[in-house]
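Colleague: Take a look at the following structure, please.
2 protein chains.
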Amino acid sequence: MMPVSEHYYAVIMAGGGGTRLWPLSRKARPKQMLALVDEHTLFQNTIQRIRGLFPVERIFVVTVADQARELQAQCPEIPTQNYLIEPAPRGTASVVGLAAIAIQKIDPQAVMAILASDHYIGQVELFRQLLVAAELAARDGYLVTLGIDPTYPSTGFGYVQMGERVGSYLDRDVFRVEKFREKPDEAQAQAMLAAGGFSWNSGMFFWPVGLILDEIKRQMPMLAAGLTDISQAWGTPAAEDVLTATWSDLRTESIDYGVMEGAENVVVLPAAGLEWNDVGSWDSLFDFLKGDENGNIIIGGDHLGMDTHNSLLYVNQPHRLIVTIGVEDLVLVDTGDVLLVCRKDQAQRVRQVVSALKEKGLEYI
Amino acid sequence: MMPVSEHYYAVIMAGGGGTRLWPLSRKARPKQMLALVDEHTLFQNTIQRIRGLFPVERIFVVTVADQARELQAQCPEIPTQNYLIEPAPRGTASVVGLAAIAIQKIDPQAVMAILASDHYIGQVELFRQLLVAAELAARDGYLVTLGIDPTYPSTGFGYVQMGERVGSYLDRDVFRVEKFREKPDEAQAQAMLAAGGFSWNSGMFFWPVGLILDEIKRQMPMLAAGLTDISQAWGTPAAEDVLTATWSDLRTESIDYGVMEGAENVVVLPAAGLEWNDVGSWDSLFDFLKGDENGNIIIGGDHLGMDTHNSLLYVNQPHRLIVTIGVEDLVLVDTGDVLLVCRKDQAQRVRQVVSALKEKGLEYI
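Chains as they are written, first to last, in our numbering: chain W, 1 to 365; chain C, 1001 to 1365.
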């Protein structure tokens, strides 16, 4: 494989506090810190996937203070100064901006790969090839988004409408983005799937650092001004205060809506066959984890099942026997303090549970 | 109410080691020791039901050594010497025999009421009236069995076929028993229900102590011989050794098959409207516990339910939140070391689980 250039940097967005895998994911232990697929956490797997392509010096992690210590413990090989700490979460636009000024200080020629920390990717070698191709496209002056081949009419993702082919990198065609489409309803999703020429928006992006900062300046001047202040204070004793002051005034915005939808020269690199999954809910695990002969996914715990089918059992309590009789299409998650029993097709509703607990002022979140 | 005579004794059979409410019921903590209906255990409720009718001196409890201490702790008002300890469980025939010789020593005129320790009875006042009527029938020289009005074609109970009316006690008719019928299959059960004139065999009996000992002597001579030895040693230092030696040779036999089926002068006292339940499985709790507005029975634990219906949740772990989403007709029992999740109509199968665990040599039983 062609090695990536020495001006290519990876930025892992690892500050999310997702609640969709509650009760396993918690405020203090979000999804990226969980070992769901194998004995490594999603964050560790994310780093592992790009090791070899990127030396650790060129891997940055953006997170929040609450989570930094645990992430550093999970991946101590990343230099401490490469963990960039947001004073508070303000959406992905600010994450990208913060990483951009930090990397620009080191290397104004840098191309950044913006990567999620909590996704599953089945075809790692393909992913690495796409990373290489994406850098080449970005070097040609494009803002590149990685497009996922839609496999069903999902209403949970944004979509990207592909236009004309603008080039080919490592034999992979790249297309102009005609339009970003927010999460559609069922009918719209089916129409897009039927029409063809749409990708899911993976939330992974590639661009020259100067180009994205220009776009931020043009479309998000408040953020750009703050970033300029931070950049000037970077490396001085005032840096943290300036960062905190800037962040307290920022409104939360995603890079998709804040920048990409209005940007010039946006292209999509389709990633068919990647076996990508955003691990967005408990039932999503059935998409990429292999069940046993009864279709059950058993993670942890002693289990004795009778007539138990197509169910997920996640137990992180040792010395505990789980017995299931006549159980079908159920998700069962036992974290000791919480037991969740949920019909598989209603797994999305754990978000409502977390909201309800918040309202009631209960713990467990 | 007419008071019972001073020659009337209650014998509570409390040595059972039922596994049908596993994982809550265990070898060391069988069903009668559990608080399922209210804050009292089934054993405590059994005693409470007959208090007032019987002074504690005339209440005997037959159990096994493993269980005696806990039962005494639950009902310390019963005199210690009234707890009769079987060296090992040998079925209800030996329980009745042991109690008979102990009581005969005190009062040769005694009538015994043989009562289960682990049943639910909704209409306590009616039950007490039946106890009084049953003594009167027994005094007329009958072996009396309490018959439960069958409410559905159960295949889990034995049946009693009623013959001619032999008398009336406190305005309650008593009928000769034509035949005992073992647990039927579904078709036989439906035929009996359609034909009428059948009762479920409650396993509760009433008889003069001399009469039952005569029947044991006639039909179970081995047991009778052992009981004679024990009776002679009763109150001497040799008593325990004789009891142990006798019990080690006994085969396990129920009073129903060992004596009642072949006995003379057996009558049945029908107990319509008693709201009796043998608490034979988790789903039986739905027959007598009132569910909430969604038909759910929640015992212990914090519960947050969404679209949860007709389900049973039993949790004896504090500080634990149970969340159920889209759950219907499920039984969920959490004892800390074991979590059972079972479709309601398969609750009988926990016995298979216990057998499987035994075979595997696992704990948890």
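Every residue, glycine too, gets a C-beta built ideally from N, C-alpha and C.
Checking 7 Å against the spacing of the C-beta atoms, do G295 of chain W and N310 of chain W come in under that value?
Modeller: Annotated as proximal: G295 of chain W and N310 of chain W, with beta-carbon spacing under 7 Å.
Colleague: Hey, does Y1159 of chain C have any beta-carbon neighbour from chain W nearer than 7 Å?
Modeller: no
Colleague: Between A110 of chain W and the rest of its own chain, which residues show a CB-CB distance below 6 Å, the 5 nearest in sequence each way excluded?
Modeller: H7, Y9, I103, V209
Colleague: Between W:I101, W:G163, W:S5, which has its C-alpha nearest F60 of chain W's C-alpha?
Modeller: W:I101
Colleague: Name the chain W residues whose beta carbon is nearer than 8 Å to that of D1337 of chain C?
Modeller: H319, R320, L321
Colleague: Is the beta carbon of Y314 of chain W sitting closer than 7 Å to the one on I325 of chain W?
Modeller: Taking a C-beta distance under 7 Å as the contact criterion, Y314 of chain W and I325 of chain W do not qualify as a contact pair.
Colleague: Run through chain C and tell me which residues come within less than 8 Å of G366 of chain W, C-beta to C-beta.
Modeller: Only positions 1 to 365 of chain W appear in the structure, and residue 366 of chain W is not among them; the question remains open.
Colleague: Would you kindly work out how many angstroms separate the C-alpha atoms of A113 of chain W and K290 of chain W, rounded to a whole number?
Modeller: 30 Å
Colleague: Apart from the five residues on each side of it in sequence, which residues of its chain come closer than 7 Å, Cβ to Cβ, to P1023 of chain C?
Modeller: If we look at P1023 of chain C and ignore the five residues flanking it on each side, its Cβ neighbours are V1333, T1335, V1338, L1340, Y1364.
Colleague: Identify the contact partners of A356 of chain W in chain C, using a Cβ-Cβ distance below 8 Å as the criterion.
Modeller: L1304
Colleague: Report all residues from its chain with a CB closer than 7 Å to the CB of A28 of chain W; omit the five preceding and five following residues, and keep chain order.
Modeller: D66
Colleague: Starting from Y1314 of chain C, find everything on chain W with Cβ-Cβ shorter than 9 Å and list it in chain order.
Modeller: Close partners of Y1314 of chain C in chain W (Cβ separation under 9 Å) are lacking, with about 12 Å as the shortest Cβ gap.
Colleague: Among C:V1160, C:L1211, C:M1260, C:A1225, whose alpha-carbon lies nearest the alpha-carbon of A1271 of chain C?
Modeller: C:V1160
Colleague: So is V333 of chain W in contact with chain C if we call contact Cβ pairs under 7 Å?
Modeller: no
Colleague: So what does DSSP say about T1236 of chain C, is it helix, strand or coil?
Modeller: coil
Colleague: For the beta strand (DSSP E) that L84 of chain W lies in, which residues bound it at each end?
Modeller: 83–86
Colleague: Just checking: is the beta-carbon of I1353 of chain C within a distance shorter than 7 Å of some beta-carbon in chain W?
Modeller: Note that residue 1353 of chain C corresponds to Val in the displayed sequence, not to Ile. Yes, its Cβ sits closer than 7 Å to a Cβ of chain W.
Colleague: Nearest to A1187 of chain C by alpha carbon, out of C:V1174, C:T1155, C:L1170, C:L1211?
Modeller: C:T1155
Colleague: Helix, strand or coil for V376 of chain W? Go by DSSP, reduced to three states.
Modeller: Residue 376 of chain W is absent from the model: chain W starts at 1 and stops at 365.
Colleague: In terms of alpha-carbon separation, which member of C:N1277, C:R1176, C:P1184 lies closest to G1141 of chain C?
Modeller: C:R1176
Colleague: Taking N1201 of chain C as part of the beta strand (DSSP E), name the residues at either end of that continuous run.
Modeller: 1198–1208
Colleague: Going along chain D in order, which residues have a C-beta closer than 7 Å to the C-beta of Y364 of chain W?
Modeller: This model lacks chain D altogether; the protein chains it does include are W and C.
Colleague: So E1261 of chain C packs on F1180 of chain C, CB below 8 Å; how close in whole Å?
Modeller: 5 Å
Colleague: Compare the beta carbon distance of A1014 of chain C and F1043 of chain C with 7 Å and say whether it is the shorter of the two.
Modeller: yes
Colleague: Is the beta carbon of L1223 of chain C closer than 7 Å to that of G1097 of chain C?
Modeller: Contact annotation: G1097 of chain C and L1223 of chain C have beta-carbon atoms nearer than 7 Å.
Colleague: Taking contact to mean 3 or more Cβ pairs, one atom from each stretch, closer than 8 Å, check whether the region 1142–1152 of chain C and the region 1199–1209 of chain C are in contact.
Modeller: Output reads yes: the region 1199–1209 of chain C touches the region 1142–1152 of chain C.
Colleague: Going by CA-CA distance only, name the one from C:N1082, C:V1064, C:R1351 that's closest to P1089 of chain C.
Modeller: C:V1064
Colleague: If you follow the beta strand (DSSP E) that G305 of chain W is in, where does it begin and where does it stop?
Modeller: Note, G305 of chain W: beta strand (DSSP E), 302–306.
Colleague: Return the CA-CA distance between R392 of chain W and I297 of chain W, expressed in angstroms with no decimal places.
Modeller: In the structure as shown, chain W starts at 1 and stops at 365, and residue 392 of chain W therefore has no counterpart that could be examined.
Colleague: Taking just the CA atoms, how far does V323 of chain W sit from H303 of chain W?
Modeller: 6 Å
Colleague: Who are the near neighbours of E240 of chain W in its chain, counting only those whose CB is closer than 6 Å to its CB and skipping five residues on each side?
Modeller: none
Colleague: Can you have a look at L366 of chain W and say buried or exposed, based on whether 16 or more other CB atoms are within 10 angstroms of its CB?
Modeller: Since the displayed chain W opens at 1 and closes at 365, residue 366 of chain W lies outside it and no answer follows.
Colleague: Take D1329 of chain C as the anchor and find which of W:Q72, W:C342, W:A189 has the nearest alpha-carbon.
Modeller: The residue with the shortest Cα to Cα distance from D1329 of chain C is W:C342.
Colleague: Between the Cα of A1138 of chain C and those of C:N1265, C:Q1129, C:L1285, spot the shortest distance and give me the residue it belongs to.
Modeller: C:N1265
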